[in-house]
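Asker: In this note's numbering, the protein residues as written are -7 to 1159.
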Amino acid sequence: MEVKTKSLLDNMIGVGDMVLLEPLSEDSFIENLRKRFDHNEIYTYIGSVVISMNPYKSMLIYSPEKVEEYRNRNFYELSPHIYALADEAYRSLRDQDKDQCILITGESGAGKTEASKLVMSYVAAVCGKGQEVNKVKEQLLQSNPVLEAFGNAKTVRNDNSSRFGKYMDIEFDFKGDPLGGVISNYLLEKSRVVKQPRGERNFHIFYQLLSGASDDTLKKLKLDRDFSKYNYLSLDSAVVNGLDDATSFRTVRNAMQIVGFMEDEVQSVLELVAAVLKLGNIEFKPESRCNGTDESRVKDKNDLKEMCELLGIEQSVLERAFSYRTVEAKLEKVSTTLNVAQAYYARDALAKNLYSRLFSWIVTRINESIKAQAKTRHKVMGVLDIYGFEIFDDNSFEQFIINYCNEKLQQIFIELTLREEQEEYIREDIEWTNIEYFNNAIICDLIENHQNGILAMLDEECLRPGTVTDETFLDKLNTVCAQHQHFESRLSKNSKFLTDHSLPHSCFRIQHYAGKVLYRVEGFVDKNNDLLYRDLSQAMYKANHSLIKHLFPEGNPAKVNLKRPPTAGFQFKASVGTLMRNLQTKNPNYIRCIKPNDKKAPHIFTESLVCHQVRYLGLMENVRVRRAGYAFRQAYEPCLERYKMLCKRTWPHWRGPAREGVEMLMADLQVPAEEFSYGRSKIFIRNPRTLFFLEERRRQCLQDLATLIQKIYRGWKCRTHFLLLKKSQIVVAAWYRRYAQEKKYQKIKRATTVVQSYTRGWQARKLLRELKHQKRCKEAVTTIAAYWHGTQARMELRRLKQEVLNKHAVTVIWAYWQGTKARRELRQLKEAARNKHAVSVIWAGWQGTKARRELRRLKEEARRKNAVAVIWAYWKGLKVRREYRKFFRANAGKKIYNFTIQRIMQKYFLGLKSTLPSMSPIDKNWPVRPYIFLDGVHTELRRIFHLWRCKKYRSRFTEDKKAVYEEKLEASELFKDKKALYPSSVSQPFKGDYLEISKNPKYQKLNSSVDEKVLLADVVNKINRANGKGATRILLLTKKNVVLADQKTGQVKASVALPDLTSVSVSTQNDGFFALRLKEGSASAVKGDFLLSSEHLIETITKLHHIGSAASDGEQLNVDIADEFLVQFKQDKVCVKFIQGAPKNGNGASCKRKNNRLLEVSVPASA
C-alpha cells in the first residue's frame, strides 16, 4: 500500500511557505523558523526560494526512497525540501528546454557546500543511466573532494569552509543526460596559505598529505609527519574532531584518478604542495653592505636546497631572487637589494602565487576531463556556491569584494524575482500591479563605477607614481565619495560624521542592503596590487619541473612584458560581470543557507544570529515582493482535488473542467471576489487568511469524513469478525464431530474384537470337547473290543483245552503257545523296526527344518548384503578345507594368504598390461586401482610410465622442433594465467616467417635491405598517435633489430636496435595490442614509443623477449602486463586504457583517442 507524503499544507509545523505567514513581521518570521527547526524541519519556502537551516547532524531525509518521492512531483505538492527545488530545475531544463542556475548563498558554516552536493547528487540520481552517462556523473561528483581538499579549510565558523567561490555549469543533452561540465572559481583566499587566524587551519591538503601519505611518498617529497616542523601550519587547530585527514587523503587520490589525473600529474601536484610547506620554513637574516644599505641572506639553506630539488631549480638562482629585485623601465634595468622584511614579503608572495596558480591549474585540468565532447548545443544547469555576506569585527579587502559580489547577486535576485512574478501574471492573464522595492543599484554603482567607483579609485591609486599608501587611498575616497548617501567616513567633508566615535579615522563605512559594514583600509593597496617580483617569476620559469613552467609563463625571458599586471580588484570585478551576464541568460533558483548557532551544535537556535542572517540575506524583502500581488497560487486540478469535499456538488467526484469545479467551490463557500482571481491555469489567492479559512474548513470536513469512515470501517470490521467466528464455529464443530465419530468407531472396533475373541474361544473349546469325546469313544470301543476278544479267546481256550483234554490237548496248547510266542516276538521286532524308522524320519524332518531355516536366513542375508556369493564362497572354502585339511598343519593360513597375494598381483599386472593408456604425454588416463592396498604401487607405476613415455616422446624430436617447444615453454612462462589471449595460441604452431619474405618476389627489395636472417616476418597495424586509427606495416625481427616497413612499397619506415628496447607492454585481455618502450635519449626514441597490433601477439612477444634478452648480454627484456600503461609520444605521455565493450566493425578490438592524454581500447568481451 502506497503511503502518501504530506503536502505543504498538511499538518504544518509553523508555516511551510513564508508567503503565507500571518501576521508578517521579523519576529514572526524568526519564530516560524525556530518552531520548524525545533521539529527537525530544516527547509522552508519563500515562494520558489528555499531557506535551508544547517542542522549540524545527520538526518534521514536524503535516502534513495526520498529521491523517488520527490521525483517528477509538483514543487508545492510535498513538504519543503531541497530535492523539490532540484527536481523543479531539472524538469524545467529537460522538458521546457530552459537553461537553469541554482544560486546558493549564506555565510560560512551555513551549509552551502553540502547544499550544492545534495543538488548534484539528486540530479545524478534522477537523470539517465548507461556506461558513458554513469562515467560522466561519477567524474562530476568526484570533482568535489578534489576541490574541497585544495580550496577548503577549517575556520572558527565551519570545519569545512569553502575559501573560494565556485560556479559549475553542468551540460546535458536533449534527453536530460549529463554530458560534462565546466567549473569557474572565484577569489581563492590565498592569504590563508601563509597566515591563519587563531583557531583556524591552512587548506586541508597540507594536513591530509602529512597524515595519509605513505612513508615512501613522504620520503620522496622530503617531508615529515610532524605538523610542528612547518611554519605555514597552525598548531592550535591541526587536529579537527570528526575529520580523518588520512582517510580523506586516500579519498582525494581516488577522486583524482576517477576525474582523469595521470599518476605523474598527481605526483607533480604533491611536489608543489610540499614545496609550499618547504617555502614557509625558509628564514632570513640581515646583513649590512659596505655602502650602508641593508640586505638579507637565507639562514639555513637546507629547506631551500630540498625545495629546489623538488622543483628542479638551481639553488643559487632562487637564493638570488630572494635577495635582489630587478626593476625594468624601457631600456634600463636597476637591481636593488631586499631587506629582511622585503625578503619575507617576497617569500610569502611566492607561496601565495604558487598555491593559487596550482589551484587554478587543477580547476582547468578538471575542466579538461569533464567538459562535453560533443559540439552540438547543450542544455545547461549552473550551480553557484559562493561566499555569503560577511560582517566581521575587522573587515578588510576580502570582505569588501565578497560583499560587492553579494550586492550584485541581490540586485539580480530582485530583478529576476520581479520579472518571474510579472511573467507569471501576464501568462495567467492577471492584472499586474507595480511593486515598490529597494533597488541596490546605487550601492553597486558606488563600488563599481568606472570613474568614481571605489574599485576604480583603488586601481588608480595603485597605478599612480609616487608614494602610495592606504591613507592616501582613504583621502581620495573622502574627497570623491563624501556626498554619497551610502558612504560614511570620519575624515570626509560631511560634517555629520565628524563626531561619530564608532567610526575610526582609518576606516570607512558602506550602508549595504544588508546593513552597515565598517572597513579598515589597512592592506587594501597591497592586497589589490598582489605583486610577485619578476625575479621570482623568472626563477620559477627556469625550473625543470613539468608543471612550474605552465604556472609562471610571465617568467619567460623571451616574452618579457613591462606592462603592469591587472589588479585583484579589477580581475574580480570582471569575473563578477561575466558571472552576472551568465546568470541573466538562465532561469534562477535560490537556496538561502542559514547557520542557527556559532557552536556548530545541533538543537541550538541563536535568535540574534539568525536575525542577523535574515537581514543581510534580504529574506523579509523577498517575502514582501512575493506578497505584493497574490500570496498564494495553485493549479486548478490540485486545488479542486484538495478542497472538493467542502462543496456537495464537487464531492466526491467532479465530472466537468477543473476550473468550473473551483468556481463552483468558491461560490458555494461565499469567498469574497476581491480575495481571489482566476488565471488561465491557476487560481490566485490574495490574502493568506483566505487560504487558512479554506484549510480550517477542510480540516473540519476531514474530521467529519474520518468519523464516517471510522463508522463504516468499524461496522465492516465487526461484520467480518462475526462471519469469521461463524465460519470458525462450523469448522470447529465439523472437526469435533469427526473426532467423536473416530472415538466411537475405535470403541466399537475394540468391543467387536473382544466379542470375536470370546466367540472364537468358545468355538475352540466346543471343538476340543467334541474331539476329546470322539477320542474317549474310540478308546472305549478298543477296550470293549479287547475285552470281547479276550473273552472269546478265553472261551476258545477253554473249548480247545477241553478238546486237548479230549484230543491230545497238551500238543495243541503247546503249538498255540509257540505260535503266540512267535507272534509276540514278531510284533516286538516290527515295533522296534517301526520305532527305528520313526526316529530316522523325525531326525530327517528336523534336519530338513534346520536346513530350511538356515537357508531362509542365508537368503535373507543374501538379499540384504549380496550374501549368496559369500555363502557360496564359504561353502567352497569349507569343501576345500575338508579336502585339503589332511595336507596342512598350523601354517595353513599364511600359505593361503601368500598364495592369494601372488595370484592377485599376477592378475593385477596382467590386467594393467592390457589396459595401459596411449604413448601421448598429454594423455591423463590411467586404469582404476582394483584394491586399496595397491594405492602406492599404482601411483608410482603411473609416474614411472609417464616419465618413460615422455623420454620416448622426446627422443623423436628434431633440433628445430626442440626450439619451437622451447619458445612455447617461454610463452607459457610469460603469458599463462596473465593474458586472456594465451590459451587460444597454445594449439597454433610458431611459424615465424608468415610472409615467406625470402621466396616472395614482392618483398625482394625489402629482403635485400636487411643484412641478417629474418626470424619473424608478419603484418601488423601501427596505431596513429593523433586519432587511434591503424596503418598496415610489415614487422621484421632479426637478431639485432626490429624493422617496420611499408606493406605496399616495402620501404623501411623505422629500425630499432634491440638494446634500445627497454620493455614491452600488453594488456591482460583478449586483444593483440602491444607497445614497444624505447630508451629515453636513444636515436630510435625521437618520435617516441610504438603502439602496434598483431594477430600473432604471443609469438611476436615471445621471440622478441628471447632475442632481446640475448642481444642485451643476458639482461632480461621486461614484459609488462596491465590494463593501463603509459606510452611516450614525442613530448607527451599518453595513457593507453583497455576496457570491455561491444565489438565495432567486426569482432576485433578498436582504439579511440579520448583526449590529449588518453587512448581507450575497447575489447569485446570473451565468450
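Each residue gets a CB set at the ideal place from its N, CA and C atoms; glycine is no exception.
Thinking C-beta only, is Ser1047 closer than 8 Å to Gly1064?
Answerer: Their beta carbons are not under 8 Å apart, which means Gly1064 does not touch Ser1047 by this criterion.
Asker: Please check the pair Ser113 and Leu132, which I expect to be a contact at CB under 8 Å, by giving their CB distance rounded to whole angstroms.
Answerer: Not a contact, Cβ separation roughly 10 Å.
Asker: Check whether the Cβ atoms of Leu1089 and Val1058 sit closer than 8 Å, and answer yes or no.
Answerer: Taking 8 Å as the Cβ cut-off, Leu1089 and Val1058 qualify as a contacting pair.
Asker: For the alpha helix (DSSP H) that contains Thr1054, what are its first and last residues?
Answerer: It is not in any alpha helix (DSSP H) - Thr1054 instead sits in the beta strand (DSSP E) that spans 1053 to 1058.
Asker: Just to confirm the assignment, what range does the beta strand (DSSP E) spanning Leu95 have?
Answerer: Unbroken beta strand (DSSP E) run through Leu95: 92 to 97.
Asker: Which runs of the alpha helix (DSSP H) at least 4 residues long sit entirely within the segment 379 to 437? Give them in chain order.
Answerer: Listed in chain order, the complete alpha helix (DSSP H) runs (minimum 4 residues) inside the segment 379 to 437 are 389 to 419.
Asker: Taking DSSP's pairing of strands, which residues face Pro1156 in a bridge?
Answerer: Paired residue(s): Gly1133.
Asker: Anyone know if the C-beta pair for Gly272 and Tyr336 falls short of 8 Å?
Answerer: No, Cβ-Cβ distance for Gly272 and Tyr336 is not below 8 Å.
Asker: Near Ile1099, which residues of its chain fall below 7 Å by C-beta distance, leaving aside the five closest residues on each side in sequence?
Answerer: Only Leu1007, Leu1029, Lys1031, Leu1050 meet the Cβ criterion.
Asker: Is Met1162 helix, strand or coil by DSSP?
Answerer: Residue 1162 is absent from the model: the chain starts at -7 and stops at 1159.
Asker: Can you tell me the Cβ-Cβ gap for Ile94 and Val375, rounded? I've got them flagged as a contact below 8 Å.
Answerer: That pair is a contact at about 5 Å.
Asker: Tell me, please, whether the segment 217 to 232 touches the segment 188 to 195 by the rule of three or more beta-carbon pairs shorter than 8 Å.
Answerer: They touch, by the three-pair rule.
Asker: Apart from the five residues just before and just after Ala343, which ones in its own chain have a Cβ nearer than 8 Å to its Cβ?
Answerer: Within the same chain, Ala343 has close Cβ partners Val185, Val186, Tyr224, Val268, Leu271, Gly272.
Asker: What residues are listed by DSSP as bridge partners for Ala1067?
Answerer: Answer is Ser1057, Leu1083.
Asker: Around the Cβ of Tyr889, are there at least 16 other Cβ atoms within 10 angstroms (buried) or fewer (exposed)?
Answerer: Tyr889 should be labelled exposed.
Asker: Counting pairs of Cβ atoms below 8 Å between the segment 541 to 549 and the segment 4 to 16, do you hit three or more?
Answerer: The segment 541 to 549, when compared against the segment 4 to 16, does not touch it at the 8 Å Cβ threshold.
Asker: What residue from Asn1062, Gly1022, Val1044 has the CA that sits closest to Leu1083's CA?
Answerer: Taking only the C-alpha atoms, the option nearest Leu1083 is Gly1022.
Asker: Look up Thr642 in the DSSP assignment and say whether it is helix, strand or coil.
Answerer: Of the three classes helix, strand and coil, the one that applies to Thr642 here is coil, per DSSP.
Asker: Output the distance between the C-alpha atoms of Arg625 and Leu13, rounded to the nearest integer angstrom.
Answerer: Spanning the two alpha carbons is a distance of roughly 15 Å.
Asker: Around the C-beta of Asp295, are 16 or more other C-beta atoms found within 10 angstroms, so that it is buried, or is it exposed?
Answerer: Per the 10 Å Cβ criterion, buried.
Asker: In angstroms, rounded to a whole number, what distance separates the CA positions of Glu163 and Ser538?
Answerer: So the alpha carbons of these two residues sit roughly 31 Å apart.
Asker: Could you round the C-beta distance between Ser154 and Thr97 to whole angstroms and report it? I think they count as a contact, below 8 Å.
Answerer: So it is not a contact: roughly 12 Å between Cβ atoms.
Asker: Identify the continuous beta strand (DSSP E) that holds Cys119 and give its terminal residues.
Answerer: No beta strand (DSSP E) holds Cys119; DSSP gives it neither H nor E.
Asker: Rounded C-beta distance between Asn359 and Val174? I'm assuming under 8 Å.
Answerer: Yes, they are in contact, since the Cβ atoms of Asn359 and Val174 sit about 5 Å apart, within 8 Å.
Asker: Count the CB pairs spanning the segment 702 to 713 and the segment 448 to 456 that are closer than 8 Å, and state whether there are at least three.
Answerer: Touching, no.
Asker: Is the beta carbon of Ile378 closer than 8 Å to that of Ser135?
Answerer: For Ser135 and Ile378, no; Cβs fall outside 8 Å.
Asker: With the cut-off set at 8 Å, would you say Asn999 and Ile1015 are in Cβ contact?
Answerer: Not closer than 8 Å, so no.
Asker: Indicate whether Ala955 and Tyr986 have their beta-carbon atoms separated by less than 8 Å.
Answerer: No, these two residues do not count as a Cβ contact at 8 Å.
Asker: Rounded to whole angstroms, what is the Cα-Cα separation between Lys971 and Glu1072?
Answerer: So the two alpha carbons sit approximately 28 Å from each other.
Asker: Have a look at Gln530 and Ser308 and give me their C-alpha separation to the nearest angstrom.
Answerer: Going by the C-alpha atoms only, they are around 13 Å apart.
Asker: Specify, as a first and last residue, the run of the beta strand (DSSP E) that Gln626 falls within.
Answerer: That run of the beta strand (DSSP E) goes 624 to 627.
Asker: Once DSSP output is grouped into helix, strand and coil, what is the label at Phe479?
Answerer: Phe479: strand per DSSP, three-state reduction.
Asker: Is the Cβ-Cβ distance between Arg584 and Leu611 less than 8 Å?
Answerer: Closer than 8 Å, so yes.
Asker: Spatial neighbours of Cys693 within its chain, please: CB distance less than 7 Å, with the 5 preceding and 5 following residues excluded, ordered by chain position.
Answerer: Cβ within range, chain order: Met637, Leu638.
Asker: At which residues does the alpha helix (DSSP H) containing Asp952 begin and terminate?
Answerer: 951 to 967 is the extent of the alpha helix (DSSP H) around Asp952.
Asker: Under the assumption that Phe351 contacts Leu180 (Cβ atoms under 8 Å), give the Cβ distance between them as a whole number of angstroms.
Answerer: The pair is a contact, with the Cβ atoms about 5 Å apart (cut-off 8 Å).
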